[in-house]
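Visitor:
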Amino acid sequence: MTGNLALVWPAIAAAFLASLVEAVEALTIVLAVATVRGWRPAGLGAFAGLVVLALIVLALGPLLGYVPLHLLQLVIGILLLLFGMRWLRKAILRAAGIIPLHDETTAFAAETAELREQARRHEARLDWLAGLASFKAVLLEGLEVVFIVIALSAGRGMLVPASAGALAACLLVVGIGFVVHRPLARVPENTLKFAVGIMLSAFGVFWTGEGLGVDWPGADLAIVGFAALFLAVSGAAVILVRRPRQAALP
Amino acid sequence: MSILANALRELIELFVDDGALALAIVAIVVLAALVAALMPQLTWAAGAILLLGCLGALLLNVVRAGQR
């Protein structure tokens, strides 16, 4: 039970925080589309993205049950390592001032500028192009959420808690988005990415090891230890490569 | 066609941002898999390679990126 709880809460937290980041990024693009071309193409694109996402989940979800557990854990573990360590690397470099922090206000401005440029070139097709931008944002960010939920639940009956965490985050962001009608620039995105990168990397090491037949000391509790080690190494990495903010590369 | 290619590229970019880090992770997993397969009584060694390898690869990659 202790081991199970040790896995449930990190799974919920990782799914919630990761989905929060993805939902904020998707919302920024949908809002940019809505600002330039109105809510119709933005809403239709987002809705189409959600429908395709649901179809992908419905089509591929049941197939997972046919994959042998060790193979599933190994593949998911490797993908989690690639995904989590990619996030962690970027979060470390951002925290150290090597690359600029992700700024939703800048992303919003860039997206609206691009849509306006498209408007200048292809006025007649713009609603379609704007809807496509909204569709792509929801589909790609949504795929990341789906992957994270599947990966965190990988054969351990954690699908419901991880899905609940992801759904709560998406509803929260959509709710706030409806109220404020502008990008959620105050979300500490790099801190969230740092935390999620650590969690996903820890889960990645655990699942990959399980897939290879490694008997981890402490069983599921080992994940907490791995997360602590990733946190320590990441913290050390930030200190080692830290640069003054103004020296950050574009 | 270009829309499909773009979508595929963005899908790959979900997992691979820095090629060197991705390659290092795959190499570490292959090494750990070899150890686990050749010495099934020493699975802890495969686990240690996996964990320490990933931590080391991350640290080295970030330090190199910081020096560029």
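Chains A and B are the protein sequences, given in the same order.
Every letter in the first sequence is one number past the one before it in numbering that gives the first Met the number 0, and letter 8, counting from 1, is 7.
Every letter in the second sequence is one number past the one before it in numbering that gives the first Met the number 0, and letter 32, counting from 1, is 31.
Note that beta-carbon positions come from the ideal geometry of N, C-alpha and C, so glycine has one too.
Note that the structure is predicted; figures quoted are calculated from it, not measured.
My guess is that A/A168 and A/F15 are in contact by the Cβ rule of under 8 Å, so how many angstroms apart are they, rounded?
Guide: Along the first sequence, read from residue 1 onward, the residue named residue 168 of chain A stands at position 169. Along the first sequence, read from residue 1 onward, the residue named residue 15 of chain A stands at position 16. About 5 Å separates the two Cβ atoms, so the contact holds.
Visitor: What in chain A is Cβ-close to B/A31, meaning under 7 Å?
Guide: One-based indexing of the second sequence puts residue 31 of chain B at position 32. Here the neighbours are L211.
Visitor: Where does B/R8 fall in DSSP's three states?
Guide: Numbered from 1 along the second sequence, position 9 holds the residue referred to as residue 8 of chain B. Three-state DSSP puts B/R8 in a helix.
Visitor: Alpha carbon to alpha carbon, how far is A/G2 from A/L220?
Guide: Indexing the first sequence from 1 puts residue 2 of chain A at position 3. Indexing the first sequence from 1 puts residue 220 of chain A at position 221. Its pLDDT being 47, under 50, A/G2 is placed unreliably in this model, and the value from its coordinates should be taken loosely. When rounded, the distance between both Cα atoms is 6 Å.
Visitor: Along chain A, which residues have their Cβ under 9 Å away from the Cβ of B/I24?
Guide: Translated into positions along the second sequence, residue 24 of chain B becomes position 25. In chain order: I77, L80, L81, M84 and G203.
Visitor: For A/L230, which residues of its own chain have a beta-carbon under 8 Å away from its beta-carbon, when the five flanking residues on both sides are left out?
Guide: Reading the first sequence from its first residue, position 231 is the one you call residue 230 of chain A. Result list for A/L230: I197, in chain order.
Visitor: Exposed or buried, B/N60, counting other C-beta atoms within 10 Å across all chains shown (16 or more means buried)?
Guide: Here the question's residue 60 of chain B lines up with position 61 in the second sequence. That one is buried.
Visitor: Could you tell me which chain A residues have their CB closer than 9 Å to the CB of B/L57, listed as they occur along the chain?
Guide: The residue given as residue 57 of chain B occupies position 58 in the second sequence. Ordered by position in chain A, the residues that pass the 9 Å Cβ test against B/L57 are M84, L87, R88, I91, S200, F229, V232, S233 and A236.
Visitor: Write down the C-beta distance between A/A106 and A/T27 rounded to the nearest angstrom, noting that I regard them as a contact closer than 8 Å.
Guide: For the purposes of this step, residue 106 of chain A is taken as the residue at position 107 of the first sequence. For the purposes of this step, residue 27 of chain A is taken as the residue at position 28 of the first sequence. That pair is a contact at about 5 Å.
Visitor: Round the Cβ separation of A/L199 and A/L71 to the nearest angstrom and send it over; I've been treating them as touching at under 8 Å.
Guide: Within the first sequence, numbered from 1, the residue matching residue 199 of chain A stands at position 200. Within the first sequence, numbered from 1, the residue matching residue 71 of chain A stands at position 72. With a Cβ gap of about 17 Å, A/L199 and A/L71 do not count as contacting.
Visitor: Can you tell me whether B/A63 is helix, strand or coil according to DSSP?
Guide: As a first step, residue 63 of chain B must be located in the second sequence, where it is residue number 64. According to the sequence shown, residue 63 of chain B is Arg rather than Ala. Three-state DSSP puts B/R63 in a helix.
Visitor: Tell me the residue span of the alpha helix (DSSP H) that contains A/P160.
Guide: Taking the first sequence and counting its residues from 1, the one referred to as residue 160 of chain A is at position 161. Note, A/P160: alpha helix (DSSP H), L158 to V179.
Visitor: Please say whether A/I11 and A/P160 have beta carbons closer to each other than 8 Å?
Guide: Here the question's residue 160 of chain A lines up with position 161 in the first sequence. Here the question's residue 11 of chain A lines up with position 12 in the first sequence. Yes, the pair counts as a contact, with Cβ atoms nearer than the cut-off.
Visitor: To which residues of the same chain is A/D126 closer than 7 Å at the C-beta, ignoring the five residues directly before and after it?
Guide: On the first sequence, position 127 is the one that residue 126 of chain A refers to. The residues are R36 and P40.
Visitor: Quick one: grab the DSSP three-state call for A/L196.
Guide: Position 197 of the first sequence, counting from 1, holds the residue named residue 196 of chain A. Correcting the residue type first, residue 196 of chain A is Gly in the shown sequence and not Leu. Helix at A/G196.
Visitor: Just to confirm before moving on: does the CB-CB distance between B/I24 and B/A56 stay below 8 Å?
Guide: Here residue 24 of chain B refers to the residue found at position 25 when the second sequence is read from its first residue. Here residue 56 of chain B refers to the residue found at position 57 when the second sequence is read from its first residue. In contact: B/I24 and B/A56 (Cβ atoms closer than 8 Å).
Visitor: Quick check on the burial criterion: 16 or more other C-beta atoms within 10 angstroms. Buried or exposed for A/A246?
Guide: Within the first sequence, numbered from 1, the residue matching residue 246 of chain A stands at position 247. Caution applies to A/A246, whose pLDDT of 47 falls short of 50 and renders its modelled position unreliable; the model cannot decide the point.
Visitor: Rounded to whole angstroms, what is the Cα-Cα separation between A/A53 and A/S152?
Guide: Position 54 of the first sequence holds residue 53 of chain A. Position 153 of the first sequence holds residue 152 of chain A. In a straight line, the C-alpha of A/A53 is about 18 Å away from that of A/S152.
Visitor: What's the C-alpha gap between A/P249 and A/V204?
Guide: Within the first sequence, numbered from 1, the residue matching residue 249 of chain A stands at position 250. Within the first sequence, numbered from 1, the residue matching residue 204 of chain A stands at position 205. Interpretation of A/P249 is limited by its pLDDT of 43, a score under 50 that renders its predicted location unreliable; the figure taken from the coordinates is listed afterwards. Cα-Cα distance, rounded: 32 Å.
Visitor: At a cut of 8 Å, does the stretch 13–21 of chain B reach the stretch 36–45 of chain B through at least three beta carbon pairs?
Guide: Cβ pair count under 8 Å is below three, so no.
Visitor: Leaving aside the five residues before and after A/A90 along the sequence, list all residues of the same chain whose C-beta is less than 7 Å from its C-beta, in chain order.
Guide: Taking the first residue of the first sequence as 1, we reach residue 90 of chain A at position 91. Hits under 7 Å: N189, K192, F193 and G196.
Visitor: Can you pull the chain A residues whose beta carbon is under 7 Å from the beta carbon of B/G46, in chain order?
Guide: Indexing the second sequence from 1 puts residue 46 of chain B at position 47. G208, V213 and W215, listed in chain order.
Visitor: Measuring alpha carbon to alpha carbon, tell me which residue in A/V51, A/Y65, A/G210 and A/E140 is nearest A/E21.
Guide: Your numbering for residue 21 of chain A matches position 22 in the first sequence. Taking only the C-alpha atoms, the option nearest A/E21 is A/E140.
Visitor: Give the secondary structure of A/F225 by DSSP, where H, G and I count as helix, E and B as strand, and everything else as coil.
Guide: Position 226 of the first sequence holds residue 225 of chain A. In this structure, A/F225 counts as helix in the three-state DSSP scheme.
Visitor: May I ask you to list, following chain order, the residues of the stretch 167–182 of chain A that have a beta carbon less than 7 Å from some beta carbon of chain B?
Guide: Per Cβ criterion, the list is empty.
Visitor: Closer than 8 Å, Cβ to Cβ, to anything on chain B: give me those residues from the stretch 95–117 of chain A, in chain order.
Guide: Listed by position, the residues of the stretch 95–117 of chain A near chain B (Cβ gap below 8 Å) are A95 and I97.
Visitor: Does A/G130 pass the burial test, meaning 16 or more other C-beta atoms within 10 Å, or should it be called exposed?
Guide: As a first step, residue 130 of chain A must be located in the first sequence, where it is residue number 131. With 16 or more Cβ atoms within 10 Å of its Cβ, A/G130 is classed as buried.
Visitor: Quick one: list the residues of chain A neighbouring B/A35, beta-carbon separation under 8 Å, in chain order.
Guide: Taking the second sequence and counting its residues from 1, the one referred to as residue 35 of chain B is at position 36. Residues of chain A passing the Cβ test: L211, G212 and V213.
Visitor: According to DSSP, is A/R241 part of a helix, a strand, or is it coil?
Guide: On the first sequence, position 242 is the one that residue 241 of chain A refers to. Correct three-state label for A/R241: coil.
Visitor: Answer with buried or exposed for A/I238, where buried requires no fewer than 16 other C-beta atoms within 10 angstroms of its C-beta.
Guide: If you number the first sequence from 1, residue 238 of chain A lands on position 239. Exposed, because fewer than 16 other Cβ atoms sit within 10 Å of the Cβ of A/I238.
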